[in-house]
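K.L.:
The structure that follows is given in the form of structure tokens.
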Amino acid sequence: MPPSTRWRLCGRANSSGRSPVRGTGNSWAAPADGPDAGTGVTGAPGSGAAGAARGKLAFALSGGGARAAYQTGVLSYIGKRLPALRVPLLTGVSAGAINVGFLAAFDGDLRGATQALKRRWLSLTTEEVLRTNPASLLKVGVRLGGSLLGGGTGLSPRFRSLVDTSPLREFIERDVDRGEIGSRIRAGDLEAVGLTAMSYQTGRTVLFVQGDPQSAPRPASSHYRLVRTDISVDHILASASIPLVFPAVKLGQQYYGDGSFRTAAPLAPAIHMGADRIFTISARYRRSELEARAPDTTGYPPPARVLGLLLNSVFLDTLDWDAAALRRINLLVDRLPREVSERQGLRHVDLLILRPSRDIGKLARDFEIELPPGLRFLVRGLGTPDIKSADFVSYLLFESEYIRTLVELGASDAEANWRRIEAFLT
112 MPPSTRWRLC
122 GRANSSGRSP
132 VRGTGNSWAA
142 PADGPDAGTG
152 VTGAPGSGAA
162 GAARGKLAFA
172 LSGGGARAAY
182 QTGVLSYIGK
192 RLPALRVPLL
202 TGVSAGAINV
212 GFLAAFDGDL
222 RGATQALKRR
232 WLSLTTEEVL
242 RTNPASLLKV
252 GVRLGGSLLG
262 GGTGLSPRFR
272 SLVDTSPLRE
282 FIERDVDRGE
292 IGSRIRAGDL
302 EAVGLTAMSY
312 QTGRTVLFVQ
322 GDPQSAPRPA
332 SSHYRLVRTD
342 ISVDHILASA
352 SIPLVFPAVK
362 LGQQYYGDGS
372 FRTAAPLAPA
382 IHMGADRIFT
392 ISARYRRSEL
402 EARAPDTTGY
412 PPPARVLGLL
422 LNSVFLDTLD
432 WDAAALRRIN
442 LLVDRLPREV
452 SERQGLRHVD
462 LLILRPSRDI
472 GKLARDFEIE
482 LPPGLRFLVR
492 GLGTPDIKSA
502 DFVSYLLFES
512 EYIRTLVELG
522 ASDAEANWRR
532 IEAFLT
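With the working numbering applied, the sequence shown covers 112 to 537.
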């Protein structure tokens, strides 16, 4: 069981006094079973001491495909306001691993790193992530059809993934240099970097760590393994490879995929690496009860709806569950005698989560037309015209206007909650 977390809620009521959860355009954060929005700060407030005195800070960046552009907007605003902020621990999974790899390899302060990351995202197109030309999509279709009709005879080409992500490797290689990560760790700018992936051979979650974080016990679980290594582009790609959608990545003798799919505790890597404070960014918009009751589709659910819900359960739900569990553990630890908690290695880990003020899935619906023709044809064949939200598309929509909208939303939400974010980070 992971150490406890002291929980914080980040929120702001609008000028009318209505709760941000009612869709007023204000961002907030709360655990899955936490109080309603607009109730202020939950849990013990920060001591007001300097960040170093309050323990090690970690940025824990999770997945979500193109939704990770929202993270970039938040980070760019933090970097602009706190350029000298030192973040000794960085952990990432899925698309969050791409952002972590970029930040870890950048030689400069937080402002320079986050602004450069923002520029890279704003220049991104779908073609720089996956091949969408008709020939490539036809090849995938032939492989998939051959695998289904071949009956396992081995006579047909083996199906590997729905899309070819060769361009994504080239995109990451331009900015991530494993030597640079090592140099920053040796210089003391970083203490450790951790990326989470899933082994297809063993089914275990693997946390790849570069650096030597203090008080980083090995996870006591047969389903979880910590490996010390030099983080490379392959580790980033492995962590970000959504099963079946993206191809698996070979590391050593095993193939790996997106770590989110076997990680029920996305905050655990930062805790295992010794974090005392964790700042994380969710891509989930907290809907009001009225919004939650409204149907997204009528009739039989199309594949796009099913796939969207499956991806949401992996990339969005687990953070809520983990945070809520840690909050309950914290309540228990608060009642333990200090000597007992110290003997058991339990400690408080402050946690702040920022959530988007708008529904990213619904935003994607307005930008689906920007998808390359071949990919748009494919996703519409899965039933996207029949649903109000485009959750599935929101993970694949690496197009400029959509990315810019998410980046601007992230920066706006960070600004709206800046007082609480600054108090937590400094």
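We treat Cβ as the ideally placed atom computed from N, Cα and C, and that holds for glycine.
(1) In this structure, how does DSSP classify L517 when only helix, strand and coil are distinguished?
(2) Give the DSSP-derived three-state secondary structure of D288 in the structure shown.
(3) Just to confirm my understanding: we take V518, look at its own chain, exclude 5 residues before and 5 after, and list those with CB closer than 8 Å. What are they?
(4) Where DSSP assigns a beta bridge to Q365, which residues make up the other side?
(5) Given a cut-off of 8 Å, decide if A359 and G368 are closer than it, judged by their beta-carbon atoms.
(6) As a quick exercise: from R395, E239 and L221, pick the residue whose alpha carbon is nearest that of S511.
(7) How would you label Q312, buried or exposed, when you count the other beta carbons within 10 angstroms and need 16 or more for buried?
(8) Whole angstroms are fine: how far does the CA of G456 sit from the CA of L508?
(9) Going by DSSP, name the residue or residues bridged to L200.
(10) F488 by DSSP, collapsed to three states: which one?
(11) Using DSSP's beta-bridge definition, name the partner residues of T335.
(12) Give the secondary structure of R404 by DSSP, where H, G and I count as helix, E and B as strand, and everything else as coil.
(13) Please identify the residue among F213, G175 and A224 whose C-alpha is closest to the C-alpha of P194.
(14) Can you tell me whether H383 is buried or exposed? The criterion is at least 16 other CB atoms within 10 Å of its CB, across all chains shown.
(15) The alpha helix (DSSP H) with L463 in it runs from where to where?
(16) Could you give the distance in angstroms between the alpha-carbon of F503 and the alpha-carbon of G174?
(17) Could you check if Y411 is buried or exposed, using at least 16 other CB atoms within 10 Å of its CB as the buried criterion?
(18) Closest to L241 by C-alpha separation, out of G212, A227 and T276, would be which residue?
(19) Do you know offhand how far P199's Cα is from E479's?
(20) List the DSSP bridge partners of R388.
(21) How should H346 be labelled, buried or exposed, when 16 other C-beta atoms within 10 angstroms of its C-beta is the threshold for buried?
(22) What would DSSP say about A140, mapped onto helix, strand or coil?
(23) Would F488 be called buried (16 or more neighbouring beta carbons within 10 Å of its own) or exposed?
P.N.:
From the atom records:
(1) Translated into positions along the sequence shown, residue 517 becomes position 406. The answer is helix: DSSP assigns L517 an H, G or I state.
(2) Counting from one through the sequence shown, the residue named residue 288 turns up at place 177. Looking at D288 - three-state DSSP - the assignment turns out to be coil, as it is neither helix nor strand.
(3) The count along the sequence shown starts at 1 and reaches residue 518 at position 407. Only A180, Y181, T183, G184, S187, K229, W232 and L233 meet the Cβ criterion.
(4) Translated into the one-based positions of the sequence shown, residue 365 becomes position 254. DSSP output for Q365 lists L362 as bridge partner(s).
(5) Counting from 1 along the sequence shown, the entry for residue 368 is found at position 257. Counting from 1 along the sequence shown, the entry for residue 359 is found at position 248. In contact: G368 and A359 (Cβ atoms closer than 8 Å).
(6) Numbered from its first residue, the sequence shown carries residue 511 at position 400. It is E239.
(7) Sequence index remark: in the sequence shown, residue 312 carries index 201 (1-based). Exposed, because fewer than 16 other Cβ atoms sit within 10 Å of the Cβ of Q312.
(8) Here residue 508 refers to the residue found at position 397 when the sequence shown is read from its first residue. Here residue 456 refers to the residue found at position 345 when the sequence shown is read from its first residue. Going from the Cα of L508 to the Cα of G456 covers about 43 Å.
(9) Taking the sequence shown and counting its residues from 1, the one referred to as residue 200 is at position 89. A169 and A303, per the DSSP bridge assignment.
(10) If you number the sequence shown from 1, residue 488 lands on position 377. Three-state DSSP puts F488 in a helix.
(11) If you number the sequence shown from 1, residue 335 lands on position 224. It is worth fixing the name first, because residue 335 is Tyr in this sequence and not Thr. Looking at the DSSP assignment, Y335 forms a beta bridge with T316.
(12) Counted from its first residue, the sequence shown places residue 404 at position 293. Here R404 sits in helix by DSSP.
(13) Residue numbering aside, residue 194 sits at position 83 when the sequence shown is read from its first letter. Of the listed residues, the one whose Cα sits closest to P194 is A224.
(14) In the sequence shown, counting from the first residue as 1, residue 383 sits at position 272. Counting Cβ neighbours within 10 Å, H383 comes out buried, since at least 16 surround it.
(15) Reading the sequence shown from its first residue, position 352 is the one you call residue 463. It is not in any alpha helix (DSSP H) - L463 instead sits in the beta strand (DSSP E) that spans D461 to L465.
(16) Locating residue 503 in the sequence shown gives position 392, where the first residue counts as 1. Locating residue 174 in the sequence shown gives position 63, where the first residue counts as 1. Approximately 14 Å, taken between the alpha carbons.
(17) Your numbering for residue 411 matches position 300 in the sequence shown. That one is exposed.
(18) The residue labelled residue 241 in the question sits at position 130 within the sequence shown. Among G212, A227 and T276, the Cα nearest to that of L241 belongs to T276.
(19) Residue numbering aside, residue 199 sits at position 88 when the sequence shown is read from its first letter. Residue numbering aside, residue 479 sits at position 368 when the sequence shown is read from its first letter. About 38 Å.
(20) Here residue 388 is taken as the residue at index 277 of the sequence shown, counted from 1. L168 and D461.
(21) Taking the sequence shown and counting its residues from 1, the one referred to as residue 346 is at position 235. When all chains shown are included, H346 counts as buried.
(22) Translated into positions along the sequence shown, residue 140 becomes position 29. Here A140 scores only 39 on pLDDT, less than 50, and its place in the model is too uncertain to base an answer on.
(23) Position 377 of the sequence shown, counted from the start, is the residue given in the question as residue 488. Looking at its Cβ environment, which holds fewer than 16 other Cβ atoms inside 10 Å, F488 is exposed.
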